[in-house]
Structures are given as structure tokens and as C-alpha cells.
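Enquirer: For the sequence shown, the positions run 35 to 308 when this note's numbering is used. Note that beta-carbon positions come from the ideal geometry of N, C-alpha and C, so glycine has one too. All values derive from a computational prediction rather than experimental measurement. Sharing a structure, written as C-alpha cells. Questions coming.
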Amino acid sequence: MLPELSIERVFRRELEALPVPDAGLWVPNRRAGFPLMLALSVAGAALVLVVAAIGLVRETSGAATQPRGAATAPPSLQPSATCEPPAYGANGRCFMFLPNLVRNEAFGYNLMIPGEWHEAQMPPGTEPFVRDRPTADPALTAPFLLDRRVFTGRATWDWVAPTDNRAPAWDLDVQVWDRQGRTALEWSRTFGPCDPAVRTFGSTGCVPTMDTIRGATFVVTTVNSISGYTTVSYYLARGDHMLILRYSTDPNVAPPLGFTRATLEGIVHAIGLV
């Protein structure tokens, strides 16, 4: 009978029978390998602790500044930009419509109007006329009016048609007439109190000046009324035609949002003569 083996001896025999790789592959160098591995382990553990601490501090700070129950806005949502009219805000930025080029090849001029502006249709019966001297009767009426275009910065639903032959305040009125052999100065005297022979009262009056725009000399008249209503007219003789650009400002009528008298002046001074 074979001798009985204890369980310890059986385990030891089985362990000794297992194949073991070369000692150089798994036994660390006592002088260099062990301290290096220990240093790397300590550094890695320290890095993990630092990253965890930073994340904890950020989370705690965010929770402290955020009201309880408040929702955090998605990062893709941008606040609406505060834009000065006529600019408008979209996606956190300010935008403006591109200017519109209005060509009038038949009468040889181009206008650059703001992108929000458009042409308004004057109702029938509002055709302008000029008065003759010295009777002040309407001598030059619609048959001598060759072309008229009125431009406005108001929306279509906000534009109110006039009841007389004047374009509404803050609109630009562009007229082309058969000038009937008259000079620009003579034509300027047919409007309102601009005739020197017409007596004016109080603060109502006409101030004539000259202005050079793109090499062309315009006769300019500014008519002021007691109520503060002001009409500015530009006259230019071109061949057999008389070109008139006119606008009015009224302190009792608000201009289109974001536009001023300087806007109208800018349109006039940007005219192209072809």
C-alpha cells in the first residue's frame, strides 16, 4: 500500500510541477526596477486624485451659483442681439438689408435707397403742379409732368396716402418735368413762398442755396413753416427736363424707425446721373 500523503504535500507537489518562466522576465531589479515602478504608481494615483478633486470643485461651484430647480440653457441657444434700427437681430448678431438700386433709364438717373424702402403708389388726383407768375394760377399741370416716383421707408400697411398733391412726410418725391425753357432757379421759385415777389410772414419762409452733387449743380430751397413742417427741394435742369427731388419732415409725425433727415439727405446725395 502506498503511503498516505497529506494535503499540504499534494498542493506543494502540484505547484512545483507548474512551468515557471525565466526569472529575468518577472523578477524586478531590486536596485532600479522596484523604485521606478513604485514612483510611477504613486504619481498615477496622485494624478487621479487631483482630477477627481477638480471635478468635485467645479460641480460644487456650479451647484452653489445655480438656483435650486433652475434649468441650464442649452449651449446652442444664443441671446438675442440688441440692434439699433433699422438693423435687426438674428442668431445673436445684427443684420441689415442690402440697399436697393433703382434705375430710371428713361430719364437718366439712378437712386440707391435703403433695403427696407420701397416705391409707394400715389393715388389718382394727387398729381403736382407748379404755379405761374404773377397770377399764381396752376399753369403747369400734369400734362407737363413726365414722371413721378415716391419712395417710403414705411411698411405697406403703415403708409397713409395723402389727400393733397404732396408726398407724405419722411418720403422722397422724385419728379421729372418738361421744363418749358425755364432754368432751375426759375423752377425753384414756383414752389411755396420761394418767389421773391411773394410776401412771407413770421417764421415761414424760403431759403435758397446751391449744392454740387456728383459734379452737377442743384438749386436747393428749404421752406419752413410755423408748425415746424419743413420741405427741402433739389432742382436740376437736364436738357429739356427738370429733375426735382423733394422731401418733407414733420415734428408731429414720427419717421420710420431708425431713419432721420440724414437718411433722406444721404439718398439724394447718392443719386447717379446717367
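Cutting at 6 angstroms between CB atoms, please list the residues of its own chain near residue 245, excluding the five before and the five after it.
Expert: Same-chain partners within the cutoff: 252 and 254.
Enquirer: Three-state secondary structure (DSSP) at residue 192?
Expert: In this structure, residue 192 counts as helix in the three-state DSSP scheme.
Enquirer: Within the chosen definition, does the region 186 to 195 reach the region 275 to 283 through at least 3 CB pairs nearer than 8 angstroms?
Expert: Output reads no: the region 275 to 283 does not touch the region 186 to 195.
Enquirer: With DSSP collapsed to three states, give me the class of residue 267.
Expert: Here residue 267 sits in strand by DSSP.
Enquirer: Using 8 angstroms for Cβ pairs, my map puts residue 268 next to residue 276. What's the rounded Cβ distance?
Expert: That pair is no contact at about 11 angstroms.
Enquirer: Are the Cβ atoms of residue 178 and residue 229 separated by less than 9 angstroms?
Expert: Not in contact: residue 178 and residue 229 (Cβ atoms no closer than 9 angstroms).
Enquirer: To the nearest angstrom, how far is the alpha carbon of residue 296 from that of residue 302?
Expert: Taking the straight line joining both Cα atoms gives about 10 angstroms.
Enquirer: Could you spell out the range, first to last residue, of the beta strand (DSSP E) harbouring residue 239?
Expert: Note, residue 239: beta strand (DSSP E), 239 to 247.
Enquirer: Does residue 297 come out as helix, strand or coil in the three-state DSSP assignment?
Expert: Residue state, collapsed to three classes: helix.
Enquirer: Just to confirm my understanding: we take residue 137, look at its own chain, exclude 5 residues before and 5 after, and list those with CB closer than 6 angstroms. What are they?
Expert: So the list reads 144, once near-sequence residues are dropped.
Enquirer: Please classify residue 220: does DSSP put it in a helix, a strand, or coil?
Expert: It is helical.
Enquirer: What are the boundary residues of the beta strand (DSSP E) that residue 287 is part of?
Expert: Counting along the chain, residue 287 falls outside any beta strand (DSSP E), and DSSP gives it neither H nor E.
Enquirer: According to DSSP, simplified to helix, strand and coil, what is residue 228?
Expert: Of the three classes helix, strand and coil, the one that applies to residue 228 here is helix, per DSSP.
Enquirer: Buried or exposed: residue 221, going by 16 or more other Cβ atoms within 10 Å of its Cβ?
Expert: Its Cβ being crowded by 16 or more others within 10 Å, residue 221 is buried.
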